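Residue numbering for the sequence shown follows numbering that gives the first Met the number 0, starting at 0 and increasing by one per position. Glycine residues also receive a C-beta, built at the ideal position from the N, C-alpha and C atoms. The structure presented is a predicted model; accordingly, all values stated were derived computationally and were not measured.
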Amino acid sequence: MSNPRIQQAVADAVNLVNHHRGVTSVRLMFNDDPTAVDIVANSARIFGDTFEFVAGFESYGGSFSELRGIEAHVIQH
């Protein structure tokens, strides 16, 4: 069962990334990893209960239930 707070946070991050392509920093915090994955995402999408963030030739994703947290912000120049 996925957390509604996480689902909304992922949806907000996907919208931010797709609105500010290439200048949005995303931090993904997975349940099974004490560290976080930091990326600058070019695009993002949600497929049902899964998400994907694309950074160049790499993509990072999973199911909502795998996340313990997510942060996203536009990089200020």
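Thinking residue i and residue j are a contact (beta carbons under 8 Å), I'd like their distance in whole angstroms, please.
i, j, result
"ARG4", "PHE29", "Rounded, the Cβ-Cβ distance is 16 Å, inconsistent with contact."
"VAL36", "LEU27", "5 Å"
Residues in the same chain with beta-carbon distance under 7 Å from residue i, minus the five sequence neighbours each way, listed in chain order, please.
i, result
"GLN6", "PHE63"
"HIS19", "VAL73"
"ASN17", "SER42, ALA43"
"ASP48", "SER1, SER62, PHE63"
"ASP65", "Sequence inspection shows Glu at residue 65; the Asp mentioned does not correspond to that position. These residues qualify, in order along the chain: PHE29, ASN30."
"PHE46", "none"
Taking only three categories from DSSP, how would you classify residue i?
i, result
"ARG26", "strand"
"HIS79", "Any property of residue 79 remains undetermined from this structure, which presents the chain solely from 0 to 76."
"ARG20", "coil"
"ASN3", "The amino acid occupying residue 3 in the given sequence is Pro; Asn does not appear at that position. Helix, per DSSP."
"ASP32", "coil"
For residue i, which residues in the same chain have their Cβ closer than 8 Å to its Cβ, ignoring the five residues on either side in sequence?
i, result
"VAL39", "GLY21, VAL22, THR23, SER24, VAL25, ALA54, ILE74"
Once the 5 residues before and after residue i are set aside, which same chain residues still bring their CB inside 6 Å of it?
i, result
"PHE50", "VAL9, GLY60"
How would you label residue i, buried or exposed, when you count the other beta carbons within 10 angstroms and need 16 or more for buried?
i, result
"PHE52", "buried"
Taking only runs that begin and end inside the stretch 36-68, name each unbroken alpha helix (DSSP H) of 4 or more residues, in chain order. Whole alpha helix (DSSP H) segments, 4+ residues: zero.
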